[in-house]
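To keep things clear, I will list the structure first and then write my remarks on it.
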Amino acid sequence: MEILGKLYNPDNTIAIPGFYDDVVALTDEERSMIAKNPLSEEQFKAATGVPALWGDADYTIRERVSARPTLDINGLWSGYSGPGPKTIIPAAAGVKLSSRLVGNQDPHKIFDLMKAYIESVAPPTVHVEVRLLTTGEPALIPFDLPEMQAAARAYERGWGATPIFTRGGGSIPVVADFYNLMKIPVVMMGYGLDDDGLHAPNESYSIEMFQRGIETAIVYLEELAKLPSGDR
Numbered sequence: 021m022e023i024l025g026k027l028y029n030p031d032n033t034i035a036i037p038g039f040y041d042d043v044v045a046l047t048d049e050e051r052s053m054i055a056k057n058p059l060s061e062e063q064f065k066a067a068t069g070v071p072a073l074w075g076d077a078d079y080t081i082r083e084r085v086s087a088r089p090t091l092d093i094n095g096l097w098s099g100y101s102g103p104g105p106k107t108i109i110p111a112a113a114g115v116k117l118s119s120r121l122v123g124n125q126d127p128h129k130i131f132d133l134m135k136a137y138i139e140s141v142a143p144p145t146v147h148v149e150v151r152l153l154t155t156g157e158p159a160l161i162p163f164d165l166p167e168m169q170a171a172a173r174a175y176e177r178g179w180g181a182t183p184i185f186t187r188g189g190g191s192i193p194v195v196a197d198f199y200n201l202m203k204i205p206v207v208m209m210g211y212g213l214d215d216d217g218l219h220a221p222n223e224s225y226s227i228e229m230f231q232r233g234i235e236t237a238i239v240y241l242e243e244l245a246k247l248p249s250g251d252r
């Protein structure tokens, strides 16, 4: 717990030296677009059930969850947690961490920085082993690509409203592989809503959104066909 407590600074930023070095800064235009998202901080708290929001105060909650890197504690295990009392002192403890990266960050570099930092702050009374499980390259797709603008027109035709580019974080490593290795644009089009409970036990998806998504995908192919051959 002492090590975990040292992963973050008092201002809620990540304490690992060099962690933010390669982060692509948000442009004024991107911040302006993200700010158009109507979800307020109060609505965000109500949706997640937390009493207060946490994170770098230099960025809004929408910017933090969509365009800033993270360091997350995913799980902890140690000792006895079954029924009844036990007066043992655990001989070992473990934690699983993950880090969602943003454009230009190298996952192997970040792991090396994380490993070196954890080993440096570990108390002298314990042995620490830091192991890498898996990595995925981050991807940042420019919103002004012709293919992305074609998607925006498709959404407008499918829903009758102009879409807002807010950026979004996720874990789909193949996106970066397509973008970096094949040198082709990648456009991800989603039709779910914030309250669908993505990946939750009660995840839902309305029939209306499903049908409109099909219609939007169809008109997107039409919009792509209109692009000059050099942009396809």
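Under my numbering, the sequence shown has 91 at position 71, and the numbering climbs by one with no breaks. For each residue, glycine too, the CB sits at the ideal point set by N, CA and C.
Item	Value
Euclidean distance between Cα positions of GLY79 and LYS65	Inspection of the sequence shows that residue 79 is occupied by Tyr rather than by Gly. Cα to Cα, TYR79 sits roughly 16 angstroms from LYS65.
Which listed residue (GLU243, GLU228, LEU218) has its alpha carbon closest to that of ALA67	LEU218
Environment of ALA113 [buried if 16+ CB atoms lie within 10 Å]	exposed
Separation of ALA171 from GLU228, as counted between CA atoms	19 angstroms
Cβ-based burial, LEU153 [other Cβ within 10 Å; buried from 16]	exposed
Beta-carbon spacing of PRO193, GLU235 below 8 angstroms	no
Contact with chain D by GLU157, beta-carbon distance below 8 angstroms	Structure shown: chain D not included; a single protein chain is present.
Expected contact under 8 angstroms - CB spacing of THR47 and ASP76 to nearest Å	Contact flag wrong, Cβ pair sits at about 18 angstroms.
Short Cβ contact (8 angstroms threshold) for SER98 with PRO110	yes
Runs of alpha helix (DSSP H) wholly within the region 116-164 (minimum 4 residues, chain order)	127-141
Start and end residues, beta strand (DSSP E) containing ILE93	92-98
DSSP three-state assignment for ALA220, whether helix, strand or coil	coil
Ranges of the alpha helix (DSSP H) found wholly within the region 49-90, counting only runs of at least 4	61-68, 81-87
Residues bridged to GLY114 (per DSSP)	TRP97
Distance, ASN29 Cα to LEU73 Cα	16 angstroms
Buried versus exposed, by CB contacts within 10 Å (16 or more), VAL146	exposed
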